[in-house]
Amino acid sequence: MPRRPDLPAAPACGDLDSLLAEIRACRVCADALPLGPRPVLQAGAGASILVVGQAPGARVHASGIPWDDASGARLRQWMGVDDSVFYDASRIALVPMGFCYPGRGKSGDLPPRSECAPLWLDTLLARLPGIRLTLLLGQYAQRRFLGRAARASLTETVAACADYGPGCMPLPHPSPRNQGWFQHHPWFARDLLPLLRERVQAALAAHGAPAPQGIQAVREAKASITRAE
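Next up, the structure:
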């Protein structure tokens, strides 16, 4: 997606801490945000797991802590980790598609703001060289990272988890609003959650070791599936 001409260029150099400070100071969407800008994310240069979500909800906006809500509690249960591991930025990066709370719509929160990803995402990911496992939560993350390799529906994409390689897992969003989906697709908890926990533990165990795949593994899986279509 080309960068809108009215958006400032993301920094091309500098360390991760400097980049995070710039992201947290971003005011590009200030006029469109009902509660004002408050970018919420977590990242450390040594992180081995990348969790890509949608956008902070109102509770997360208030606390400034990523996944500080019912969705986060379920996500931690899925992953088999406690707060001390989940909120350790040196292990797990928590990066939403939109960094600020976008406001409410008729049926829930609005989609992530479209400005964030083209402005910041690639620059941020380039500073996370140790990523071994990328979790794509919901359609917004899956469409961005998988592109044409994503299936026609979220259910099909999640069910095709094996096609994306061991370094990438597309998942439904853990929101309580998706309770019906979880009930109608029991294979997810039965078959995929044990695999998710296994991959999470493997990525955490390898923390600090060189990660030759990282984000590149997601891109290669995307390219491979696209070529096969």
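Going by the working numbering, the residue at position 78 of the sequence shown is 78; the numbering climbs one at a time, nothing skipped.
No residue lacks a Cβ here, since even glycine has one placed at the ideal position from N, Cα and C.
Pairwise C-alpha distance: residue 78 and residue 193: Their Cα atoms are separated by approximately 6 Å.
Contacts around residue 93, its chain only, beta-carbon distance under 6 Å, and the 5 residues preceding and following it disregarded: 43, 47, 50, 128
Buried versus exposed, by CB contacts within 10 Å (16 or more), residue 201: exposed
Limits of the alpha helix (DSSP H) - the one that residue 93 falls within: Where residue 93 is concerned, there is no enclosing alpha helix (DSSP H), although the beta strand (DSSP E) it sits in stretches over 92 to 96.
Close Cβ partners of residue 181 (< 7 Å) along its chain, the five nearest in sequence each way excluded: 172
Cβ-based neighbour list, residue 24, same chain, cut-off 6 Å, excluding 5 preceding and 5 following: 39
Other residues of its chain near residue 206: CB distance less than 7 Å, five sequence neighbours each side excluded: 48, 132
Delimiting residues of the beta strand (DSSP E) encompassing residue 172: Careful: residue 172 lies outside any beta strand (DSSP E) and carries neither H nor E.
Limits of the alpha helix (DSSP H) - the one that residue 180 falls within: 179 to 184
Every unbroken beta strand (DSSP E) inside the region 125 to 168 [3 residues or more]: 133 to 137
Beta-carbon proximity list for residue 1, same chain, < 7 Å, skipping 5 on both sides: Note that residue 1 has pLDDT 36, beneath the 50 cutoff, so the model's placement of it is unreliable and no number is given.
Coarse secondary structure for residue 44, derived from DSSP in three states: coil
Burial state of residue 187 (16 or more Cβ within 10 Å): exposed
Residue 23 (DSSP reduced to helix, strand or coil): helix
Delimiting residues of the beta strand (DSSP E) encompassing residue 72: Segment 70 to 79 is the alpha helix (DSSP H) holding residue 72; no beta strand (DSSP E) there.
Identity of the residues DSSP links to residue 51 by a beta bridge: 94, 135
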